[in-house]
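Below is one structure, written out as structure tokens, with a few remarks after it.
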Amino acid sequence: MISMAEKHKIVVYALSTCPYCKRTKRFLDDHKVAYEHIDVDLLDDSKQDEVLDKVEKLTGMRSFPVVVIGTEHWVGHDEQRLKKALNL
Amino acid sequence: MSDAKVERVYCPVCLAKFKYSEGWSEGSVVVCPICGERLTLRKTADGWIGDRVDRGTEKEIRSRIDGFAEIRGYVFNDVKEDIVEGLLGKYKRFGDFYCPCRMEHVPEYQCPCKPTRGGDVEKNGKCHCGLFWKKA
Chain A
1 MISMAEKHKI VVYALSTCPY CKRTKRFLDD HKVAYEHIDV DLLDDSKQDE VLDKVEKLTG
61 MRSFPVVVIG TEHWVGHDEQ RLKKALNL
Chain B
89 MSDAKVERVY CPVCLAKFKY SEGWSEGSVV VCPICGERLT LRKTADGWIG DRVDRGTEKE
149 IRSRIDGFAE IRGYVFNDVK EDIVEGLLGK YKRFGDFYCP CRMEHVPEYQ CPCKPTRGGD
209 VEKNGKCHCG LFWKKA
């Protein structure tokens, strides 16, 4: 059972240096959408392994950004998909 | 057929050797034909080595990516400046100009990365990061 909070939770897995990750974050900021972001490359080793495992299980790859909105997720900066998922 | 040994220059960026050309000498500044890096030639006991010019600076990485694009006939788009910023961030945090869109900080992912040098742009129309694009 997924709670309402989990259903609408937005998480962006990113690299601090990746331009497309920055665009996704900027898009969410510009639209005043609250989200959690994790810069995977800045995590310490053990935490990084844990998050990378999670990302790989979710997407089957190690590409960024990974956007998770409730039960939906995708890889890459996709404004149309963000707009649709967030009803913007 | 000449049996004269062809001299080669080692590039510390792409970790490959390229042909030493006539007219070059110790101190000459040349462009690596594989990755676009500007190198100052130095003769060692093991042969010719290129030392990176302006190492670690914005000037170095801009000159390298511009040089590589020129050699291959690739073009940039509006993502270029964001990627240059990412490359500078990689140097600052991880010690070299590794691909800003990858997690791995290994020599083969020095920009332009090995897959890009190996023809990814020809195959996919662009490199992994979307820095180098095949001309339309």
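Protein chains in written order, with the working numbering: chain A, 1 to 88; chain B, 89 to 224. Beta carbons are placed, not taken as given, at the ideal position from N, Cα and C, and that holds for glycine.
Residues bridged to residue i by DSSP?
i       : result
Q198(B) : Y186(B)
W74(A)  : V67(A)
V11(A)  : E36(A) and V68(A)
K131(B) : W136(B)
Y162(B) : K222(B)
R205(B) : Paired residues: none, contrary to the question.
Nearest-angstrom Cα distance between residue i and residue j?
i       : j       : result
P200(B) : K9(A)   : 37 Å
V66(A)  : H73(A)  : 7 Å
K84(A)  : E50(A)  : 30 Å
P195(B) : K211(B) : 22 Å
I153(B) : T71(A)  : 40 Å
E95(B)  : L127(B) : 16 Å
Can you list, in chain order, the residues of its chain whose CB lies under 7 Å from that of residue i, leaving out five sequence neighbours each side?
i       : result
E56(A)  : R62
I122(B) : C99, C102, A104, F106 and R205
Within its chain, find whatever has a CB closer than 8 Å to the CB of residue i; leave out the 5 residues flanking it on each side and keep chain order.
i       : result
K178(B) : D184, F185, Y186, C187, P188 and H193
V12(A)  : C21, T24, K25, L28, Y35, E36, H37, I38, P65, V66, V67 and V68
Take residue i and list the residues in its own chain whose beta-carbon comes closer than 6 Å to its own, dropping the five residues that flank it on each side.
i       : result
V167(B) : G218
I137(B) : Y98 and R130
Taking Cβ-Cβ distances below 9 Å as the criterion, which residues of the stretch 14-45 of chain A are in contact with chain B? L15, S16, T17, C18, P19, Y20, C21, K22, R23, V40, D41 and L42
With 7 Å as the C-beta to C-beta threshold (strictly closer), list the residues of the stretch 148-170 of chain B near chain A in chain order.
V167 and D170
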